[in-house]
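Colleague:
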Amino acid sequence: MSSHGTPIPMISEKSGPLSGEAHVPGDKSISHRSLILGALAVGETRVTGLLEGQDVLDTAKAMQAFGAEVEKRGDTWHVQGVGVGGFAEPDRVIDCGNSGTGVRLIMGAMATSPIAATFTGDASLNSRPMARVTDPLALFGARAFGRSGGRLPMTILGAEQPVPVRYATPVPSAQVKSAVLLAGLNAPGETVVIEREATRDHSERMLAGFGATLSTEDSAEGRVITLQGRPELRPQEIVVPRDPSSAAFPVCAALITEGSDVLVPNIGLNPTRAGLFTTLREMGADLTYENEREEGGEPVADLRARFSPDLRGIEVPPERAASMIDEYPVLSVVAAFARGQTHMPGVKELRVKESDRIDAMAQGLRAAGIGVEEGEDWWTVEGRGFGDVPGGVTVAARLDHRIAMSFLVMGLATEAPMMVDDGGPIATSFPIFEPLMTGLGAKIARQTG
């Protein structure tokens, strides 16, 4: 049952060539951070290109609850910030819906202010562990009271006298790193985060852009990020680049759908986010970057993806996992149409996303006729090559938008249609997925009756 209402069963079937331009939504990671940092700045931040999916809209409502003024006028979002340490105590429960990024970053942003806030979400989010964030926040002096296993609903009591923290992240997680850095904004002195493996660096780039004093250096310990606490953040004009995680779906669909040629413009290619596109090219994908440029400190390009019938399985380097962690589900779909094995190690993080994504994809791929082996932090897909993937099954999306979209992409090239039990969660990150894909020529539809 979807937390977003009545389940929406969807079906996709073998399609003719996909063609045209796919204008995907704004980057979700940057959209969340634009609202949160705008709320912590002094003055008005203006944001264009914001992803208006439910996850980000929930973050906008949360910033309002903490005292910031957030409203959309025309095509621009206006955020009147309250300054670092200026959050007011909300008078209602903060509902973050399906968004792990939203809830964990907001927890960090409020954890060093002397206020309390209670967080909840949908069934998927409330099943996900929060200790990975609340443990380091406790070092600042914050306290967390939630359900067993460190799960939502949860109340955070912010630190009355926060202290700076030096914290080595135990797992590669941009959410954990970002939560600690946001908490460090209202702590005196220097807060230091050490990453053994580099994760997406939007928080560091954007904090510096808003005026925080921040440095990054490589050491024997790993990547060391040092933030000077108690800055006055300056409001910004932000143009959100389009989301590489959303671009993954029309790109991968074009690669496996016969005769396709699709252009996906204005995609952010931050090196900490672009691992999927590097991997696809290593598999032999006809995927090119056009009009490469830089916008707002982020590398951007137009992606052109063409049908690639001679894909081959590869070993994906484990150190690349952090730069493509959300894209492994749709990569596994492409791997099904490649020749040979695609081995994906170092992906334990997939077990604690909106669903256990390794298990969800493995179950669905096996039902559709694809061999999959898996371990705790790895999985291998046995590709059958183009034209030899049976399909013809209904899979459980598990309230996970990326699982639903991945199997709908798969159905565009399987011999028999693919069905998902509920496409409703797609709206959390990619609300225009269905019309965008059908506009390219994809046979994707909601099932009725």
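Residues in the sequence shown are numbered from 0 upward in steps of one, following numbering that gives the first Met the number 0. Glycine included, every Cβ here is placed at the ideal spot set by N, Cα and C.
Using 8 Å as the threshold, is the C-beta distance between Gly157 and Ser202 below it?
Modeller: As a working mapping, residue 157 is identified with position 158 in the sequence shown. As a working mapping, residue 202 is identified with position 203 in the sequence shown. No. Outside cutoff.
Colleague: Taking three-plus beta-carbon pairs below 8 Å as touching, is the segment 401-417 in contact with the segment 13-22?
Modeller: yes
Colleague: Once you ignore the five residues that flank Thr44 on each side, which residues in its own chain have a CB closer than 6 Å to its CB?
Modeller: The count along the sequence shown starts at 1 and reaches residue 44 at position 45. The beta carbon of Thr44 sits closer than 6 Å to those of Gly37, Val78, Pro234 and Gln235, all from its chain and outside the five residues before and after it, given in chain order.
Colleague: Under the rule that 16 or more other beta-carbon atoms within 10 Å means buried, what is Asn265, buried or exposed?
Modeller: Taking the sequence shown and counting its residues from 1, the one referred to as residue 265 is at position 266. Its Cβ being crowded by 16 or more others within 10 Å, Asn265 is buried.
Colleague: Based on Cα-Cα distance, which residue from Thr341, Asp121 and Ile193 lies nearest to Asp217?
Modeller: For the purposes of this step, residue 217 is taken as residue 218 along the sequence shown, with counting starting at 1. Looking at the Cα atoms, Ile193 is the closest of the given residues.
Colleague: Taking the alpha helix (DSSP H) that Gln53 belongs to, which residues open and close that run?
Modeller: On the sequence shown, position 54 is the one that residue 53 refers to. According to the DSSP assignment, Gln53 belongs to the alpha helix (DSSP H) that extends over Gln53 to Ala64.
Colleague: If you reduce the DSSP assignment to three classes, tell me which class Gln362 lands in.
Modeller: Here residue 362 refers to the residue found at position 363 when the sequence shown is read from its first residue. The answer is helix: DSSP assigns Gln362 an H, G or I state.
Colleague: When the Cα atoms are used, what is the spatial distance from Leu17 to Ala253?
Modeller: Working through the sequence shown from its first residue, we reach residue 17 at position 18. Working through the sequence shown from its first residue, we reach residue 253 at position 254. Cα to Cα, the separation comes out at about 6 Å.
Colleague: Under three-state DSSP, which class holds Pro452?
Modeller: Residue 452 lies beyond the residue range present for the chain, which begins at 0 and ends at 448; the question has no answer from this structure.
Colleague: Whose C-alpha, out of Leu232, Ala444 and Met343, is nearest the C-alpha of Asn185?
Modeller: Locating residue 185 in the sequence shown gives position 186, counting from the first residue. Residue Leu232 is the option with its Cα nearest to Asn185.
Colleague: Give the list of continuous beta strand (DSSP E) stretches no shorter than 3 residues that lie fully inside the segment 274-320.
Modeller: 285-294 and 297-305
Colleague: For Phe432 and Ala59, I'd like the C-alpha separation in whole angstroms.
Modeller: The residue you call residue 432 lines up with position 433 of the sequence shown. The residue you call residue 59 lines up with position 60 of the sequence shown. So the alpha carbons of these two residues sit roughly 22 Å apart.
Colleague: Between Ser322 and Gly149, what straight-line distance do the alpha-carbon atoms span, to the nearest angstrom?
Modeller: Against the sequence shown, residue 322 aligns to sequence position 323. Against the sequence shown, residue 149 aligns to sequence position 150. Between Ser322 and Gly149, the C-alpha separation is close to 27 Å.
Colleague: State buried or exposed for Phe139, treating a residue as buried only when at least 16 other CB atoms are found within 10 Å of its CB.
Modeller: As a working mapping, residue 139 is identified with position 140 in the sequence shown. Per the 10 Å Cβ criterion, buried.
Colleague: Considering just the uninterrupted stretch of the alpha helix (DSSP H) at Glu433, what are its terminal residues?
Modeller: On the sequence shown, position 434 is the one that residue 433 refers to. Segment Phe432 to Leu439, the alpha helix (DSSP H) holding Glu433.
Colleague: In terms of residue numbering, what span does the beta strand (DSSP E) encompassing Ala115 cover?
Modeller: Stepping through the sequence shown from its first residue, residue 115 is reached at position 116. Ala115 to Thr119 is the extent of the beta strand (DSSP E) around Ala115.
Colleague: Taking Phe248 as part of the alpha helix (DSSP H), name the residues at either end of that continuous run.
Modeller: Within the sequence shown, numbered from 1, the residue matching residue 248 stands at position 249. Counting along the chain, the alpha helix (DSSP H) containing Phe248 begins and ends at Pro243 to Ile255.
Colleague: Helix, strand or coil for Glu326 per DSSP?
Modeller: Taking the first residue of the sequence shown as position 1, residue 326 is located at position 327. Three-state DSSP puts Glu326 in a helix.
Colleague: Is the separation between the beta-carbon of Ser245 and that of Phe429 shorter than 8 Å?
Modeller: Within the sequence shown, numbered from 1, the residue matching residue 245 stands at position 246. Within the sequence shown, numbered from 1, the residue matching residue 429 stands at position 430. Yes; because the gap between Cβ atoms is below 8 Å, this pair is in contact.
Colleague: Within 8 Å, do at least three Cβ pairs link the segment 301-314 to the segment 377-397?
Modeller: yes
Colleague: Within the present structure, is the beta-carbon of Glu257 separated from the nearest heavy atom of the ligand FMN by less than 7 Å?
Modeller: Only the bare structure without any ligand can be found here, which leaves the ligand FMN out of the picture.
Colleague: Who are the near neighbours of Pro171 in its chain, counting only those whose CB is closer than 6 Å to its CB and skipping five residues on each side?
Modeller: Looking up residue 171 in the sequence shown gives position 172. Taken in chain order, the residues that qualify are Glu196, Thr198 and Ala321.
Colleague: With 16 other CB atoms within 10 Å as the buried threshold, where does Glu353 fall?
Modeller: Locating residue 353 in the sequence shown gives position 354, counting from the first residue. It counts as buried.
Colleague: Identify every run of the alpha helix (DSSP H) within the segment 169-220, keeping only runs that are complete inside it and at least 4 residues long; order them along the chain.
Modeller: As for any alpha helix (DSSP H) of minimum length 4 sitting wholly inside the segment 169-220, the runs are 173-183 and 201-208, ordered along the chain.
Colleague: At the level of alpha carbons, what is the spacing between Thr437 and Val408?
Modeller: Here residue 437 is taken as the residue at index 438 of the sequence shown, counted from 1. Here residue 408 is taken as the residue at index 409 of the sequence shown, counted from 1. When rounded, the distance between both Cα atoms is 11 Å.
Colleague: Check the DSSP bridge columns for Thr5 and list the partner residues they point to.
Modeller: In the sequence shown, residue 5 corresponds to position 6, counting from 1. As computed with DSSP, Thr5 is found in no beta bridge at all.
Colleague: Give the straight-line distance between the Cα atoms of Gly363 and Leu213, rounded to the nearest whole angstrom.
Modeller: For the purposes of this step, residue 363 is taken as residue 364 along the sequence shown, with counting starting at 1. For the purposes of this step, residue 213 is taken as residue 214 along the sequence shown, with counting starting at 1. Going by the C-alpha atoms only, they are around 44 Å apart.
Colleague: Let me know if Lys71 comes out buried or exposed under the rule of 16 or more other beta-carbons within 10 Å of its beta-carbon.
Modeller: Against the sequence shown, residue 71 aligns to sequence position 72. Exposed, by the Cβ-count rule.
Colleague: Quick one, are the C-beta atoms of Ile7 and Asp421 less than 8 Å apart?
Modeller: To locate residue 7, count along the sequence shown from 1; it is residue 8. To locate residue 421, count along the sequence shown from 1; it is residue 422. Taking 8 Å as the Cβ cut-off, Ile7 and Asp421 qualify as a contacting pair.
Colleague: If you run the structure through DSSP and keep just helix, strand and coil, what is Met0?
Modeller: For the purposes of this step, residue 0 is taken as the residue at position 1 of the sequence shown. Confidence in Met0 is poor, its pLDDT being 33 and thus under 50, which makes the residue's placement unreliable; the coordinate value appears in the next sentence. If DSSP states are grouped into helix, strand and coil, Met0 belongs with coil.
Colleague: Kindly indicate which residue of Thr278, Glu314 and Ile29 has the alpha-carbon position closest to the one of Thr287.
Modeller: Taking the sequence shown and counting its residues from 1, the one referred to as residue 287 is at position 288. Checked all of Thr278, Glu314 and Ile29; the closest Cα to Thr287 is Thr278.
Colleague: How should Gln453 be labelled, buried or exposed, when 16 other C-beta atoms within 10 angstroms of its C-beta is the threshold for buried?
Modeller: Here the chain has residues from 0 to 448 only, and residue 453 is not among them.
Colleague: What does a CB cutoff of less than 7 Å around Gly188 pick up in its chain, not counting 5 residues either side in sequence?
Modeller: For the purposes of this step, residue 188 is identified with residue 189 of the sequence shown, where counting begins at 1. Excluding positions up to five away in sequence, the list reads Pro163 and Gly228.
Colleague: Whose C-beta lies closer than 7 Å to the C-beta of Cys251 among residues of the same chain, with five residues either side of it excluded?
Modeller: Your numbering for residue 251 matches position 252 in the sequence shown. Closer than 7 Å at Cβ, skipping near neighbours: Val329, Val332, Val333 and Val408.
Colleague: Can you tell me the Cα-Cα spacing of Ile105 and Gly80, whole angstroms?
Modeller: Numbered from its first residue, the sequence shown carries residue 105 at position 106. Numbered from its first residue, the sequence shown carries residue 80 at position 81. Near 14 Å, if we compare the C-alpha coordinates of Gly80 and Ile105.
Colleague: Please classify Phe86 as buried or exposed, where buried requires at least 16 neighbouring CB atoms within 10 angstroms.
Modeller: As a position in the sequence shown, residue 86 is number 87, starting the count at 1. Flag for Phe86 reads buried.
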